[in-house]
Structure formats: C-alpha cells, structure tokens
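>
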Amino acid sequence: MCVPASLLRADALANLGYSEGDLDDKTQETLHSALDHIAEWSVYKQYYCYLKDLPATPDFLQQVSYKSIQGKLDTALLFAATLGLGIDQRIRRLSLSRLSEAVVLNAVANAYLEARTDLFIKEILPGAVLFCPGYAGTSPEDNRSVLKLLDAQKHLGIYPKDSGLMLPEKSMAGIVVANYRFSCRACNIRSKCDYLRQGKTCYGTKAAHD
Ligand code: SF4
Numbered sequence: 000m001c002v003p004a005s006l007l008r009a010d011a012l013a014n015l016g017y018s019e020g021d022l023d024d025k026t027q028e029t030l031h032s033a034l035d036h037i038a039e040w041s042v043y044k045q046y047y048c049y050l051k052d053l054p055a056t057p058d059f060l061q062q063v064s065y066k067s068i069q070g071k072l073d074t075a076l077l078f079a080a081t082l083g084l085g086i087d088q089r090i091r092r093l094s095l096s097r098l099s100e101a102v103v104l105n106a107v108a109n110a111y112l113e114a115r116t117d118l119f120i121k122e123i124l125p126g127a128v129l130f131c132p133g134y135a136g137t138s139p140e141d142n143r144s145v146l147k148l149l150d151a152q153k154h155l156g157i158y159p160k161d162s163g164l165m166l167p168e169k170s171m172a173g174i175v176v177a178n179y180r181f182s183c184r185a186c187n188i189r190s191k192c193d194y195l196r197q198g199k200t201c202y203g204t205k206a207a208h209d
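Taken in order, the sequence shown gives residues 0 to 209; the numbers are from numbering that gives the first Met the number 0.
Laid out in structure tokens, this is it:
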C-alpha cells in the first residue's frame with residue numbers, strides 16, 4: 000500500500016514543527032532520504048478484530064471515560080499496527096552521533112505509521128477514526144487491554160510497557176470508530192486538560208475554540 004509522498008512530507012514537517020521555508024540544505028537532504036527509505040527501513044504490520052466478534056464488550060470500554068464512543072461500538076474494530084523494532088534501533092543508533100538526522104527520521108516514521116494506518120481505516124471503514132487509549136480522558140494504560148485482546152504480541156510482536164507505551168515504540172493501538180468526531184466540548188477532563196493549556200489536543204490537532 001503506497002502512501003502519497005507529498006502527504007508524508009507534509010505530515011513529517013508538521014511533526015517537526017517546520018514549514019518548507021525553515022529547511023536548510025542539510026535538513027532538506029536528510030528529510031528527502033528518510034522519506035525515500037522509510038518503507039524499506041520499517042516493516043509495517045497491522046492486526047484487527049471486530050468488537051462484535053468478541054464474546055462481550057471489553058471491560059475497559061464500559062468505563063465512563065469511553066462514553067463518547069459507547070454508542071458506536073457495533074461496527075467498531077480493535078486495531079494495532081507497528082513499524083517493527085528495526086526503525087527504533089536505527090533512530091537510536093543515529094541519535095548517538097547524528098542527532099538532527101535522528102529527529103528527522105523519528106518525525107518521518109511517525110508520519111508513515113499514521114499514514115499507513117489512515118489508509119487502512121479508509122479502506123475498511125471509510126470516514127472512521129482511530130480512537131487511542133489516552134484520548135479524551137481515557138487511560139493510556141488501556142492499550143494493554145487492546146493489545147491483549149488482539150494477542151498483539153503473537154501477531155505483531157508488540158509488547159506493552161507498564162505506562163501504556165509500547166515496544167516497538169513506533170506502534171499504535173486503539174478502536175476504529177465510525178461516525179465519530181473528536182471534540183473537547185464534552186470531554187470530562189476539559190477543565191484540567193494540559194493539552195488545551197498548551198494550545199494542543201490529545202488527538203493531534205490544534206485546539207479549536209469550541
Ligand atoms: S484535548 Fe480535549 S478531548 Fe483531549 S483530553 Fe483535553 S479536553 Fe479532553
């Protein structure tokens with residue numbers, strides 16, 4: 000599955016917090032090389048199951064913090080994807096001696112993982128979004144439940160860490176939900192949200208004034 004190069008470049012620049020005009024020749028070259036090679040340097044894998052095929056709705060999804068998606072679980076999927084350990088190791092090696100290249104590759108890898116995931120979601124459930132544990136006041140530790148239900152260790156080689164982070168680090172897990180729009184309006188931790196205080200959101204866009 001091919002990710003449009005222009006989309007990947009725009010997303011990588013956004014991850015870096017740069018615009019085209021900010022790039023010097025050396026960074027241009029590093030970015031170009033990372034964009035050219037990311038598919039070869041990573042091993043994208045994904046795995047999913049429909050919630051309706053599980054014997055019961057998982058306990059973590061019955062918590063009040065998941066209220067905003069609870070009416071939309073009939074068509075939803077549990078999903079996880081990874082770029083594999085090789086890209087983590089490449090970024091770590093680069094960071095020892097060529098930190099700026101490591102930073103660019105890290106941004107490109109994040110953009111590539113998100114783009115591959117978006118392409119899959121468009122194909123399987125058009126218009127849906129990936130709701131990841133950690134969004135909208137839910138706990139990142141619920142990643143452990145998603146990974147366990149998917150047996151992601153066996154299918155994808157993803158191991159959960161105690162914090163809810165994952166190994167390989169370039170991995171994502173969550174619930175693919177149709178007819179859902181991210182919004183802070185009804186979020187129950189809005190009044191104490193650190194993301195909003197910084198003008199950001201937990202779901203990766205700039206804070207809207209809604
Ligand atoms: S960014 Fe919005 S949705 Fe996310 S935790 Fe903060 S208030 Fe809730």
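By construction, the Cβ of each residue, glycine as well, lies at the ideal position given by its N, Cα and C atoms.
Is it the case that the CB of R180 approaches a heavy atom of the ligand COA more closely than 6 angstroms?
Among the ligands in the structure shown, the ligand COA does not appear; only the ligand SF4 can be found there.
> For L76, report the span of its beta strand (DSSP E) as first-last.
On the sequence shown, residue 76 is found 77 positions in, with the first residue counted as 1. Residues 76-81.
> Going by C-alpha distance, which of I37, R189, G16 is nearest Y111?
Locating residue 111 in the sequence shown gives position 112, where the first residue counts as 1. Of the listed residues, the one whose Cα sits closest to Y111 is I37.
> At a threshold of 6 angstroms, does R97 count as lining the ligand SF4 (C-beta to nearest heavy atom)?
As a position in the sequence shown, residue 97 is number 98, starting the count at 1. Checking the Cβ of R97 against the ligand SF4 gives no.
> Any idea what DSSP makes of I90, helix, strand or coil?
Residue 90 sits at position 91 when you count from the first residue of the sequence shown. Helix.
> Could you name the residues of the same chain whose beta carbon sits closer than 7 angstroms to that of C201, not counting the 5 residues immediately before and after it, in chain order?
Within the sequence shown, residue 201 is the residue found at index 202, counting from 1. Around C201: G133, Y134, A135, Y194.
> Can you round the beta-carbon distance between I120 and L104 to whole angstroms, since I take them to be within the 8 angstroms contact cut?
If you number the sequence shown from 1, residue 120 lands on position 121. If you number the sequence shown from 1, residue 104 lands on position 105. Contact between I120 and L104 does not hold, since the beta-carbon distance rounds to 24 angstroms and is not under 8 angstroms.
> Can you give me the start and stop residues for the alpha helix (DSSP H) that A110 sits inside?
The residue given as residue 110 occupies position 111 in the sequence shown. 98-123 is the extent of the alpha helix (DSSP H) around A110.
> Pull up the CB-CB distance for K44 and A108, whole angstroms please, since I reckon it's below 8 angstroms.
The residue you call residue 44 lines up with position 45 of the sequence shown. The residue you call residue 108 lines up with position 109 of the sequence shown. Between A108 and K44 the Cβ distance is about 14 angstroms, and since that is not below 8 angstroms, they are no contact.
> What are the partner residues of S170, as DSSP defines its beta bridges?
For the purposes of this step, residue 170 is taken as the residue at position 171 of the sequence shown. Under the DSSP definition of a beta bridge, S170 partners with T81.
> Less than 8 angstroms between C-beta atoms, sequence neighbours within five positions excluded: which residues of the same chain meet that for I157?
The residue you call residue 157 lines up with position 158 of the sequence shown. Only A79, T81, L146, A151, M165, L166, P167, S170, A172 meet the Cβ criterion.
> For L34, which residues of its own chain have a beta-carbon under 8 angstroms away from its beta-carbon, when the five flanking residues on both sides are left out?
As a working mapping, residue 34 is identified with position 35 in the sequence shown. Cβ within range, chain order: A4, L7, R8, A11, V107.
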